[in-house]
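To get my numbering, take the position in the sequence shown, counting from 1, and add 254.
Just so it is clear, CB atoms sit at the ideal spot from N, CA and C, and this is done for glycine as well.
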Amino acid sequence: MTTTADLDVVAALVRSAQRGDRMAASDLLDLLTPYIGRLCGPIALQDGPDATQEALIVIFRNLGQLREPGALFGWARVIAVREAVRIARKAARAVPDPLDDVPARDDPQLAADVRDVLERLSPAHRAVLVLRDLEGLDERSVSALLGVPEPTVRTRLFRARRNFRKAWGR
């Protein structure tokens, strides 16, 4: 959604859904699901669909609390990231595999793709890497979304990038 007209349509849908319009809520669900999935997938990995579902549940349960309907995507992003990190931490994979166990890039049977390398990063590192490098958010926004100070974001990002490059370059 980039144009003012599109944002107005989204705001109208939000207001209608807040008043109990089920069709508007269904349209919002259709609009938000791919966006939330793109945020949750790289952070929660195999549990991405669960994180997406949990985030959507929280979003729709609390939709009535959204005071500025035009801020839907930013508000939903905060919830999605929080849920994806929570689910990833809760999963047994919260303790990342050692990076030295990543198969070589040229190994035909065990090629290390991006998802495989991401699995070896901690949920906190995956979250900061996804938000900064895939979503293009600035450090202040990432800091606010994750609830950590900006210097922590910079440190996590540095370490996440270093570990990703190390694993990918093998």
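The region 286-293 and the region 266-275 do not touch, with fewer than three beta-carbon pairs separated by less than 8 Å. Under the DSSP assignment, G274 falls outside any alpha helix (DSSP H); it carries neither an H nor an E label. DSSP, read as helix, strand or coil, puts N417 in helix. Less than 7 Å separates the beta-carbon of L391 from that of L385. Of the candidates I311, A278, G324 and G295, G324 places its Cα closest to the Cα of D262.
V268 has its alpha-carbon roughly 35 Å from the corresponding atom of E373.
If you draw a 10 Å sphere on the C-beta of E337, you find 16 or more other C-beta atoms in it, and that means buried.
Burial of E308 is indicated by the presence of at least 16 other C-beta atoms within 10 angstroms of its C-beta. Going by beta carbons, V396 and V382 fall inside the 7 Å limit. Around the C-beta of L388, fewer than 16 other C-beta atoms lie within 10 Å, and the residue is accordingly described as exposed. D260 counts as exposed, since fewer than 16 other beta carbons sit within 10 angstroms of its beta carbon.
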